[in-house]
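Novice: Just passing along the structure, written as structure tokens.
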Amino acid sequence: MNDDFVPQTNNSRQVFDVFAEIGKLPETSESMLTDVYFSDFPEVSSRIFRIYRTLPLHYHKDCDEHLYVVEGEGVFHLDGTETQARPGMFLRFARTQIHGFPQIITHPFVVLSIDVPRRRPDDIVFVDPEDGDARSFMARNN
């Protein structure tokens, strides 16, 4: 993992139509998810992402992740407990807290994410390394 700051957007926009941005996400993906950064500063990043299939248990070393479910339904796992996630739910995963989405019930499954400090695209550690890596996790990493 690289600690050098490389912004994933030019940070020039300040107003976003979340539903229009969702419409731009691809219908399919070879990776587990595809994202679009709204902002990306060292202190915080904001983005939307679509999860295309189950997301194995993982954690992030360098950020706290805050997710707001915008569209679709799925089951999220947090420290041994599984709960259904649906639009309007807010989920918070502290750094190094194990989480995942073992089931996507309704597609498209899209969340708004605020990461503090920013989440680098390669900040992903799978509990079982056989489940994937940064490249298989996010289209941006390919």
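Heads up: the sequence shown begins at 1 in the UniProt record's numbering, then just goes up one per residue. For each residue, glycine too, the CB sits at the ideal point set by N, CA and C.
In three-state terms, what does DSSP make of G23?
Specialist: helix
Novice: Which residue or residues does DSSP assign as beta-bridge partners of E71?
Specialist: Beta-bridge annotation (DSSP): E71 is paired with V110.
Novice: Starting from R135, trace the alpha helix (DSSP H) both ways and give me its first and last residue.
Specialist: 134 to 137
Novice: Rounded to the nearest angstrom, how far is the Cβ of G74 from that of I104, given a contact under 8 Å?
Specialist: 5 Å
Novice: Any idea what DSSP makes of P56, helix, strand or coil?
Specialist: Correct three-state label for P56: strand.
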